[in-house]
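Chains as they are written, first to last, in the UniProt record's numbering: chain A, 1 to 98; chain B, 1 to 381. From the three backbone atoms N, C-alpha and C, an ideal C-beta is built for every residue, glycine too. Here the structure is laid out as structure tokens; the discussion comes afterwards.
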Ligand code: SF4
């Protein structure tokens, strides 16, 4: 839950929300904390995502660094976080802690 | 030296560690990394073994799951068992033990507990189930608080009145202040968390440098980021400078995300005090909803037991968090207290100091290190 991950903007749906891509996984993310203070985001931009919100814009290089780092931290970070993206299913059966 | 293989730039790592060694001149330095994410990186890469032996990392209270008192978990459980309620929370909270059970236990017994990735998903569930009350169990440090704040403002704008928030957001700065005021504290400088700082910026840390005369470096999450930040702390100490520096300027701006700060201030206000597991009660260290948003406040709508569950008498988490003892020095470490059956806060989530030592088996290595002076990175040259 504390994790922040980089994602790339694929398309803007409205002023407040955009479809983002992280290593091929896509999800709608709220971009209001940037757009509402005049920080423009456009397709191709990278942002830091935390619990469904874009918190800051970052450059390509930093995004790649963060992704590399998350991958090398092991499946408990990036994969688990992305697995949560599909969550709306109410049937949480639980996973054994790794 | 097996950990060295995992670094992307071995030479640079070796040079940074050499420089830390040269600048610190063998003086003992204890640096607290406040953030559970940093703790994870330090253990994953065995950074304590490549650092010179006079540099000690102390793992601070930066895991919001760990610091939440058991009584609040019990309160959450009571809310989740209220007839007709849909209780939503982050996945991390499902297995956290309360005094009797965890959320996953009561879900198995029939309570409607659902985990969500984002508070906005909880709001969506409320829109889809307008005949039921949907409660979101909001926890987290300053990084997570803005998302709850925006969601509450949106619930109000959309008139989703069956949406409620059980707020447990805590603030990093008052916790640091409490640590700094503790006579037990034994820390020379701080690595400040990158993602919290992305929201709050650099200014809130200034009092640590100015009043308490300790260096603060906002640090990124790569192993090299952590090592470079350690070097920056050590340099300040050796040059007798005390300031707030930003090693993570790629992501953290000096002013932070100002709209995020405004959204928090608009929807929430500090509680007079809040209990932290392992640290006791800290004034103005947590947030509740402002009266203007009472329509969305679970605490205003439901009877909450509010039972205080004291920390276990054997628990020494407070001393671990203040850098007085290492996790393995606690009498119950690894015996009565394990990640499966945690007695104290530091064992609760993988990012807690004791769990990190336990999971990575570092305690045995650290014990060895005390006995022989480690050959360090130089052995690799
Ligand atoms: S071993 Fe357990 S009880 Fe002891 S300090 Fe760590 S978490 Fe607390």
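Got a sec? Which residues, its chain only, sit under 8 Å from residue 247/B by beta carbon, not counting five neighbours each side? 217, 218, 219, 220, 225, 228, 229 and 232
Excluding the 5 residues preceding and the 5 following residue 4/A in the sequence, name in chain order all residues of the same chain whose CB lies nearer than 6 Å to its CB. 48 and 50
Can you give me the start and stop residues for the beta strand (DSSP E) that residue 18/A sits inside? 17 to 22
The ligand SF4 and residue 332/B: does the residue's C-beta get closer than 7 Å to at least one heavy atom of that ligand? yes
Kindly indicate which three-state DSSP category residue 28/A falls into: helix, strand or coil? strand
What do you reckon, is the C-beta of residue 32/B under 7 Å from a heavy atom of the ligand SF4? no
C-beta contact flag for residue 317/B and residue 278/B at 8 Å: yes
Quick check on the DSSP output: the alpha helix (DSSP H) that includes residue 107/B runs from which residue to which? 103 to 108
Taking 8 Å as the CB-CB cut-off, is residue 90/A touching chain B? Model confidence at residue 90/A stands at a pLDDT of 36, short of 50, so the residue's coordinates are unreliable and nothing is read from them.
Note down the Cα distance separating residue 20/A from residue 79/B, rounded to an integer number of angstroms. 34 Å
When you compare only the Cα positions, how much space is there between residue 40/B and residue 141/B? 17 Å
Quick check: the Cα distance between residue 335/B and residue 355/B, rounded to an integer number of angstroms? 12 Å
Short CB-CB distance (under 8 Å) between residue 64/A and chain B: no
Evaluate residue 158/B with the Cβ neighbour count: other Cβ atoms within 10 Å of its Cβ, from every protein chain shown; 16 or more gives buried, anything less gives exposed. exposed
Measuring straight from C-alpha to C-alpha, what distance separates residue 64/B and residue 144/B? 10 Å
Return the CA-CA distance between residue 64/A and residue 23/A, expressed in angstroms with no decimal places. 11 Å
Name the residues in the segment 240 to 268 of chain B whose C-beta lies less than 7 Å from a C-beta of chain A; which are they? 250, 251, 257, 258, 259 and 260
For residue 181/B and residue 302/B, what's the separation of their Cα atoms in angstroms? 36 Å
First through last residue of the alpha helix (DSSP H) which encompasses residue 295/B: It is not in any alpha helix (DSSP H) - residue 295/B carries neither H nor E in the DSSP assignment.
Nonlocal neighbours in the same chain, by C-beta distance under 7 Å from residue 91/B, ignoring five residues either side: 115
Whole alpha helix (DSSP H) runs in the segment 23 to 86 of chain B with 4 or more residues, listed along the chain? 36 to 44, 47 to 50, 64 to 67 and 70 to 80
Quick one: is residue 75/A buried, meaning 16 or more other Cβ sit within 10 Å of its Cβ, or exposed? Residue confidence is low: residue 75/A scores 45 on pLDDT, short of 50, so the model does not pin down where it sits. Its coordinate-derived value is still stated next. It is exposed - the Cβ of residue 75/A has fewer than 16 other Cβ atoms within 10 Å.
Partners in chain B for residue 85/A, counting only beta-carbon separations shorter than 7 Å: 117
Mind checking the segment 28 to 51 of chain A against chain B and listing, in chain order, the residues whose C-beta falls within less than 7 Å of any C-beta there? 30, 32, 33, 36, 37, 48, 50 and 51
My guess is that residue 175/B and residue 61/B are in contact by the Cβ rule of under 8 Å, so how many angstroms apart are they, rounded? 6 Å
Given the structure, does residue 327/B come close to the ligand ADP, in the sense that its CB is under 7 Å from one of the ligand's heavy atoms? In the structure shown, the ligand ADP is absent; the only ligands present are the ligand SF4.
Please state whether the Cβ-Cβ distance between residue 41/A and residue 34/A is less than 8 Å. yes
Please classify residue 204/B as buried or exposed, where buried requires at least 16 neighbouring CB atoms within 10 angstroms. buried
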